[in-house]
Every structure is written in structure tokens, then in C-alpha cells.
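In the order they appear, the protein sequences are chains A and B.
Per the numbering used here, the first sequence runs over residues 28 to 179.
Per the numbering used here, the second sequence runs over residues -13 to 352.
Taking it in order: structure first as C-alpha cells, then the write-up.
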Amino acid sequence: MRIALVLLGVVLGAYGAVLLWENPPVIITRIVVWALVGVVLNDMVFAPVCVALGFAGRRLIPGKWWPPVAVATFLSVVLVFLAIPVYGKPGLRPDNMTVLDRNYPLGLWISLGIVWACVPLYYLAMRRLPVRQDEVVEQESTDDVERQPPAV
Amino acid sequence: MKAATLRGTSITARVGLALGVAVAVCFVTGLISHFIQHPQPWFFWPTRPVWLYRVTQGLHVISGIAAIPLIIVKLWSVWPKLFERPVIGGLVRQIERLSILVLVGSMLFQLSTGLLNIAQWYAFKFFFTTSHYAMAYVAAGAVLVHIGVKLPILRRALGEPVDDTPASVGPTRRTVLRATWLAVALATVVTAGQTVPLLRKVSVLAPRSGQGPQGVPINRSAIAAGVLGSAQSPDYRLTVTNGPTSRAFSLADLQAMPQATHRLPIACVEGWSADAEWTGVVVGDLVAAVGGSRDSDVRMISLEPPGPYSRTVLPARHVRDGKTLIALKLNGQTLDLDHGYPCRLIAPTRPGVLQTKWLSRIEVVP
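Now the structure itself:
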């Protein structure tokens, strides 16, 4: 099973490489560079920035706020990625007004606003909703543990 | 440290599985679209249901966009492995690292070029369709190799519960997974409205709002096609040929023929689609007018000067279909110039790019 998967994968990948190889060298170079730039941007820029944000966030943002803030940050990153090709309408052509025909800055800001509005709502909901005992215990840190009761 | 414990195989395996499903949907629907445009003898593409291509190509773009948050989390969950020692290691380790490089590179290539292409932003200086097609095999192959190599780890991780115990107060692995599914839903909602009418208003980042002349978006305008003069010329004729037999139809001739009205979607390779009511002459009637066989393919030639999509071949199965029209009207109005005036092809289950506009010639292929 595993060997079959790997073999099939190698054959498929090789077929793709053959198809790519049919391009002139300058085009192959551009394609490979595009793919490698993606890897380098992820590994050397995006990932370290995420680590730095996570590191700072855990220390600067109060414990119970951190999970919803981290989730909202992640959702914002996804929204921003999706907005990149449409935000400034770089692909707009004057002869076709049916492409890129929305107000993308407004759309992005509204969606970001909704995402971040959910953070305090989540926090409030978590405080008001009944929680299971074990969850309460799990959410507690060393600061939450009461001091030793006074000796009688 | 917290970050080290939050990452984990339980997340990698589950998100990886979802990503694998998204990639599989993307790959299969992409191949379908490719083979409709480059027909092979073994490839069968039905004419019913009429919305079939709308669904497959809509899914292609939706699953590709859904893969973006998935790959972000997947790569985040394994990032520390980049620095694992030994850095060089033996031959097997080098091959494994190389396969991961190919996997990540090809996946990011596919997702980034696809996302730019649906917004018609050609920032890359290579031809999108051929490179996206070729790289699809590389990516699919790399995914299969990766699954083959990691299968035991995958099986074990999926069998174990998601570790729910936070090292301190903060997100748990379960939170990470929930956030991932939430991000997939969010990415879908803000973009899928270009093909799912229900989401049209909330898809604030979709490249198309669904608006356009006569309520339908366009991709190639009459100006871009360079047909402003020829399409509006009083001398316009649609020539239909079958070998030596040839007939020329003026617009009035076409209007005088029996008209049929059908509700058919126009579905673009870029993932947007719209339903519309098309009125015109059934293609089969025009083919019959020159004595064409019901088993022949038919070539559609546009007024547009020769280019990649100025002529297309309509398979016999679609020629025979009673819903395949040479449309003269769209949503009850004379076809807009940007929609292909004086007449255009509209057939069920075909990509928009093959619904040839500004028709000048229809040739029965012998």
C-alpha cells in the first residue's frame, strides 16, 4: 500500500516535471523561482513572524484573552491573504467592469471588524455560560490556586 | 515552552487529512476542466445535469481557497522540523527533505497562482493554464509520496485523541483545530458567492459580484476581442458549412427560425458562474439545415481574430442536445455586445471559455 502510493506519486510527479520541461528554459526558471520564493517566504518570513507574534502575545495579553485573540489573528491573516489579489484591484482592466467590481477595502475592514468583535463576545460568553468542572480546573493556572487555608 | 507543546502530530494529521481531501477535489475537478478543454478519446463528459461544470469548477476554486487556511496551519504545525538535526544527514534524509521541498513548493505555487488568476492578476510571467496544469501533477505526486511515507504516523495520530490539556492558560490543540475549521468556513463564505448565489452578498472578497450587462458577468469584452466593427456590421452573416454545402444566415434569418428558451448557467474556468435565460436557435436545427450528421463534431468560429479561444470544437453529444443554442437573447433582451452579439454559443455543462461569442462560422467537422 505505502510502496504503491509512493510509486504512483513518483510517476505522477515525474509526468508533471516532463510537462514543465516542455517550456523554454527562461519560463522553467520563472516557474521554479516562483515556487521557491513561496517556500522561502513561508519558512523565513511568515513562520518567524508568527512565532514572534505568538511569543509576544502570550506575554502581553492576559491569559484568558489570549486564545480568542490568537484565533482572531489567525482568521485576520487568512482574510488578508485572500484580499491581496483584490484589495488594490491590480488585475483591473478598463474594458471589463464585471471583474473586481466590489469595494474590497470596505469588505475587508468589515470582515475584520466582525472577526475582532467576536473576541469580547466570546470572552463574555465564556464567563456567563456554565462550564464543566474539569474545564474550570484546566483553565486555572498557578495564580488561581488559593493559598493554604489557615490552620485552625 | 508553550509553542512547542501546542504544535503536535494530532493537529498535523487532522489538518493534513483535510488538506489532502481539498487537494484531491482540486486535482480531480481541475483534470475534468482540462479534459473538457483538451478532449481525449477516452474522456466522457455528459450534457446533463446542465449545471455539472458549474459545480465541478466552482468546487475547484472553493476547495483551492479552503486549502489556504489548511496549509497555513499544516506548515505552522511542522515548522520546527525545518531545524531538526542532523541538518544534512544521510541520503534517505536528504531525499525526504527534497520531497518535502517539492511538496511545499508545488502546493504554494498552485494555491498562489490560482488565487491570483481568479482575480486576473497576472503577476507571474509564465502562462497560467499550462504551468498550473503541469504543476498539479507535481503537487499531486508529492502529496501521494508524502502520504505513503507518513502513513503509519498518520494512522497512529488519527487514532489518538486530540490532546486537550493546555500547558498553561492559553489555546489548546482543540482550539487550534476549531480555529482551522472556522477559518476554512470563513474563507469559503467571503469568496464562494461568485458561484453560490446564496452567499453573493456576504462574499466581500470574491473577484466577481455577479453583476454585469443583462445581469451576467463577462470575461472577454467586445473591445478586447476587437469585434466592435464586425459584430455590428449590417453585412453580418453567420455562415454554416458542411463540406461543400454552405448557407449564410443574416441576423433576421436567425430570428425567423424557430426559437427555443432555456435556463442555462454560464460557468467560467475562473470559478464564477451565473444562471441565465437564453433564447435562440437550437444548434441541431442549423446543422440540419446544411445536412450535417448527428454524429459530427462542430467547429465554432468567432469574428474575433485568431487566438487561443477564437475557435472551439463542440462535441457531437452537445451538438445533438436540444438545449444547445445559438443564443440571440439573454434574459429576454437582445444579446449585449459584450455577451457575443449578434449571436453566441451556449451549451450545457461547458466552460464559459468554450461558449464562443460573436459567431461568424459554424463548420460541421467531417
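Every residue gets a Cβ at the ideal spot worked out from N, C-alpha and C, and that includes glycine.
Since this is a predicted model, take the numbers as computed values, not measurements.
Listed by position along chain A, the residues whose Cβ is nearer than 8 Å to that of B:V131 are L32, V33, G36, V37, G40.
No Cβ of chain B is located within less than 8 Å of the beta carbon of A:L156.
Residues of chain A whose Cβ lies closer than 7 Å to the Cβ of B:Q106 are, in chain order, G118, V126. For A:A62, a Cβ of chain B is located within less than 8 Å of the residue's own Cβ. Fully contained in the segment 135 to 179 of chain B are the following alpha helix (DSSP H) runs of length 4 or more, in chain order: 159 to 175.
For A:Y131, the chain B residues whose C-beta falls within less than 8 Å of its own C-beta are V190, L191, listed in chain order. Contact between B:C254 and B:G338 holds: CB atoms are separated by about 4 Å, below the 8 Å threshold.
The three-state secondary structure of B:I252, taken from DSSP, is strand. Taking all protein chains in view, the Cβ of B:S232 is surrounded by fewer than 16 other Cβ atoms within 10 Å, so the residue is classified as exposed.
For A:P94, the neighbours in chain B by C-beta distance under 7 Å run, in chain order, G156, P157, T161.
The segment 202 to 265 of chain B is shown to contain whole beta strand (DSSP E) runs of 3 or more residues at 224 to 228, 231 to 235, 246 to 253, in chain order. Put simply, the backbone Cα of A:L34 is about 9 Å away from that of B:L130. By the CB criterion at 8 Å, B:A246 and B:V268 fall inside the cutoff.
Remark: fewer than three beta-carbon pairs, one from each stretch, lie closer than 8 Å, so the segment 285 to 298 of chain B and the segment 67 to 85 of chain A are not flagged as touching. For B:R297, DSSP records a beta bridge to B:I287. For B:I58, the secondary structure class from DSSP, reduced to helix, strand or coil, is helix. Looking at the backbone, the Cα of B:G229 and that of B:R280 are separated by about 15 Å. B:L300 is positioned such that its CB atom lies no closer than 8 Å to that of B:A275. DSSP places B:S195 in no alpha helix (DSSP H); its state is neither H nor E.
Listed as beta-bridge partners of B:Q319 by DSSP are B:L316. For B:T342, the closest of B:H304, B:R330, B:K187 by C-alpha to C-alpha distance is B:R330.
B:A128 and B:V88 do touch by the CB rule: their CB atoms are close to 5 Å apart, below 8 Å. The straight-line gap separating the alpha-carbon atoms of A:W143 and A:A99 is approximately 6 Å.
The Cβ-Cβ distance between B:G270 and B:V305 falls below 8 Å. Contacts with chain A (Cβ-Cβ distance below 9 Å) from the segment 196 to 230 of chain B involve G196, Q197, G198, P199, V202, P203, I204, N205, R206, S207, A208, I209, A210, listed in chain order. Going by DSSP, B:L345 is part of the beta strand (DSSP E) stretching over 345 to 350. The criterion of a C-beta distance shorter than 8 Å is not satisfied by B:F110 and A:W48. Residue range 330 to 332 is occupied by the beta strand (DSSP E) that includes B:R330, with no alpha helix (DSSP H) assigned at that position. In the DSSP annotation of this structure, the continuous segment of the alpha helix (DSSP H) that includes A:W61 starts and ends at 52 to 67.
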